[in-house]
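Peer 1: Sharing a structure below in structure tokens format, with a few things to ask.
Residue numbers (my numbering): 9 to 272.
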């Protein structure tokens with residue numbers, strides 16, 4: 009009975025915390041603190057174990073048949089939509105260090121036994137639904153523009169996308185649609201996961217607080233969004249290896265940004 013009440017309460021509204029205005033120095037400080045947390049407790053190997061199985065499966069499926077090519081980029085780029093959920097373990101490490109508790113790597117898994125795990129999982133499920141909606145939209149856009157014809161090969165797909173009017177249209181429309189999905193997820197989750205981990209609040213309260221953070225700080229949150237997107241792009245370039253560093257650093261930095269922008 010208590011579990012059912014807890015699950016129902018995960019979506020109920022509670023008092024809204026105050027949101028602060030922040031400046032560029034706060035973003036720089038959050039990133040610096042994120043690097044410091046990562047240096048203190050490196051978790052890159054754990055993130056490699058998360059990243060490479062997914063990348064391997066995607067490219068193995070592409071090698072088996074070119075029908076997957078149209079969704080390869082949305083599939084990998086869309087991984088950033090669930091990044092806030094993936095980084096939850098780093099929020100826990102930063103939280104524990106802040107409290108003077110042991111923040112060794114094994115405590116990343118403490119999220120699984122957190123009293124707030126149901127709310128975290130509920131919000132994670134919402135992000136997964138948005139992620140699959142993005143994949144469906146990406147495939148629909150490709151089918152509408154290219155008539156549902158699968159590319160004959162990887163070089164043929166690259167040629168179609170980069171040298172034909174339809175390919176240029178695909179890049180413009182696809183990028184625009186992806187930006188809309190990314191903006192929605194960013195607004196919903198920029199501070200909601202750290203808040204759910206840190207406080208006894210509902211999903212609704214965490215999400216509405218996250219949206220208010222974006223509305224109160226539109227310029228700074230736009231800058232932060234570009235920092236996140238640019239870092240993820242740079243991390244993905246060297247065969248995705250860089251993401252093993254970028255993801256945890258951004259996770260730790262997100263925790264510190266949450267601390268700066270949401271009053272206790």
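Where is the CB? At the ideal position from N, CA and C, for every residue including glycine.
Keep in mind the model is a prediction, meaning the values are calculated, not measured.
Do you know offhand how far residue 145's Cα is from residue 185's?
Peer 2: C-alpha separation (whole angstroms): 8 angstroms.
Peer 1: With a threshold of 16 other CB atoms inside 10 Å of the CB of residue 29, please say whether the residue is buried or exposed.
Peer 2: Per the 10 Å Cβ criterion, exposed.
Peer 1: DSSP three-state label for residue 198, please.
Peer 2: It is coil, neither helix nor strand.
Peer 1: Please look up how many angstroms separate the CB atoms of residue 95 and residue 211, rounded, as I've assumed it's under 8 angstroms.
Peer 2: Not really, about 18 angstroms apart at Cβ, beyond 8 angstroms.
Peer 1: Evaluate residue 10 with the Cβ neighbour count: other Cβ atoms within 10 Å of its Cβ, from every protein chain shown; 16 or more gives buried, anything less gives exposed.
Peer 2: Note that residue 10 scores 37 on pLDDT, short of 50, meaning its location in the model is unreliable and no value can be drawn from it.
Peer 1: Could you tell me whether the segment 128 to 138 touches the segment 34 to 50, where touching means 3 or more Cβ pairs closer than 8 angstroms?
Peer 2: Flag = no, the segment 128 to 138 and the segment 34 to 50 do not touch.
Peer 1: Hey, quick one: how far does the alpha helix (DSSP H) through residue 167 stretch, first residue to last?
Peer 2: From DSSP, the alpha helix (DSSP H) with residue 167 extends over 162 to 171.
Peer 1: For residue 43, collect the residues of the same chain with a Cβ closer than 7 angstroms to its Cβ; drop the 5 residues on either side in sequence, then sort them by chain order.
Peer 2: Closer than 7 angstroms at Cβ, skipping near neighbours: 257.
Peer 1: Note down the Cα distance separating residue 13 from residue 182, rounded to an integer number of angstroms.
Peer 2: With a pLDDT of only 36 at residue 13, under 50, the local geometry of the prediction cannot be trusted, and the value read off the model is given with reservation. When rounded, the distance between both Cα atoms is 41 angstroms.
Peer 1: Please name the residue, chosen from 167, 172, 234, 51, that lies closest to residue 198 on a Cα-to-Cα basis.
Peer 2: Residue 198 has its Cα closest to that of 234, out of 167, 172, 234, 51.
Peer 1: Note down the Cα distance separating residue 167 from residue 176, rounded to an integer number of angstroms.
Peer 2: So the two alpha carbons sit approximately 11 angstroms from each other.
Peer 1: Flag this pair as yes or no: are the beta carbons of residue 111 and residue 105 separated by less than 7 angstroms?
Peer 2: Cβ distance < 7 angstroms, so residue 111 and residue 105 count as in contact.
Peer 1: Sort 229, 132, 214 by Cα distance to residue 38 and report the nearest one.
Peer 2: The residue with the shortest Cα to Cα distance from residue 38 is 229.
Peer 1: Give the DSSP bridge partners of residue 270, in chain order.
Peer 2: Its beta-bridge partners are 27.
Peer 1: So for residue 236, helix, strand or coil by DSSP?
Peer 2: In the structure shown, residue 236 sits in a helix (DSSP, three-state: H, G or I).
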